[in-house]
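For reference, the structure discussed in these notes is given below.
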Amino acid sequence: MGSAGSSDRYLPETVQQAAKILVVGAFGVGKTTLVGSVSEIEPLRTEEVMTVASVGIDDLAGMSTKSTTTVAMDFGRITLSSRLVLYLFGMPGQRRFWDLWEGLSEGAIGVLVLIDTRRLEDSFDVLEQLEIRGLPFAVAVNQFPDSDQYSVEELRGALDLLPDTPIVTCDARQYSSSVGSLVSLVEYVSGNRSAAAWETIS
């Protein structure tokens, strides 16, 4: 495995399976940061500078330094083990981009949902979209310096999650922390999906 900016462009010969993972969440929750922190290839980013047109549409409360937004997707790759590679697709968080989810979610084995506890209510619509599409997911609570702290039980109740839905904490800026979130998702999906859901690399 390598970190972002690594020169490792080709898959190890030992890799036998590939899986598509979506990284979703409300606007400004850290999706682009997470994909960039774990990708072993230069991540593909489709960000645009935020303009006056977004005023009143994109809520920047608590995000005074944010000046860009994803308008299509972020793409990265991580070799999670000697046998498994994950292709990561970071999805734009704003409601006006949700039509993109339909096509990009095709073939995905699972979804990592990033949550910001400072704006917990912003996650409700995102979770509803996943339930409508029937996609299995794990929740990763991205830890910001001024984040409110809640127990797993409190978060599960507030987000109305099933008892077996994984909830982990992470720092999207840190490689090991972000990888740990992806591992939790893969372990959860592996226990609930057949082998046919994974693409075999020949």
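Be aware that the sequence shown starts at 195, since it is given in our numbering, and climbs by one per residue. Using N, Cα and C, we set each Cβ at its ideal position, and we do this for glycine too.
Straight-line CA distance for residue i to residue j?
{"i": "S233", "j": "E296", "result": "24 Å"}
{"i": "E207", "j": "L280", "result": "15 Å"}
{"i": "G351", "j": "R277", "result": "36 Å"}
{"i": "V362", "j": "S231", "result": "17 Å"}
{"i": "E315", "j": "L321", "result": "10 Å"}
{"i": "E381", "j": "D358", "result": "12 Å"}
{"i": "V217", "j": "I272", "result": "13 Å"}
{"i": "L349", "j": "Y204", "result": "39 Å"}
{"i": "D252", "j": "G287", "result": "Because D252 carries a pLDDT of 44, less than 50, the predicted location of this residue cannot be relied on, and no value is offered for it."}
Mind checking which residues open and close the beta strand (DSSP E) that includes residue i?
{"i": "L216", "result": "211-219"}
{"i": "Y369", "result": "First-last for Y369: 369-384, but that is the alpha helix (DSSP H), not the beta strand (DSSP E)."}
{"i": "T359", "result": "Element bounds for T359: n/a, residue is neither H nor E."}
{"i": "V333", "result": "331-336"}
Return yes when the Cβ of residue j is within less than 8 Å of the Cβ of residue i, no when it is not.
{"i": "A220", "j": "R313", "result": "yes"}
{"i": "T226", "j": "G304", "result": "no"}
{"i": "G306", "j": "F269", "result": "Note that residue 306 is Leu in the sequence shown, not Gly. Cβ distance not < 8 Å, so L306 and F269 don't count as in contact."}
Between which residues of its own chain and residue i is the CB-CB distance below 6 Å, once the five residues before and five after are set aside?
{"i": "I309", "result": "S317, V333, V335"}
{"i": "G301", "result": "K214"}
Which residue comes first and which comes last in the alpha helix (DSSP H) that contains residue i?
{"i": "I303", "result": "Here I303 belongs to no alpha helix (DSSP H); instead the beta strand (DSSP E) covers 302-309."}
Using C-beta distances below 7 Å, list every residue in its chain close to residue i, excluding the 5 sequence neighbours before and after it, in chain order.
{"i": "G385", "result": "none"}
{"i": "Q343", "result": "none"}
Am I right that residue i and residue j are in contact with their C-beta atoms under 8 Å? What's the rounded C-beta distance?
{"i": "L274", "j": "L376", "result": "7 Å"}
Is the closest heavy atom of the ligand NAD to the C-beta of residue i under 7 Å?
{"i": "L306", "result": "No copy of the ligand NAD appears in this structure; indeed no ligand is present at all."}
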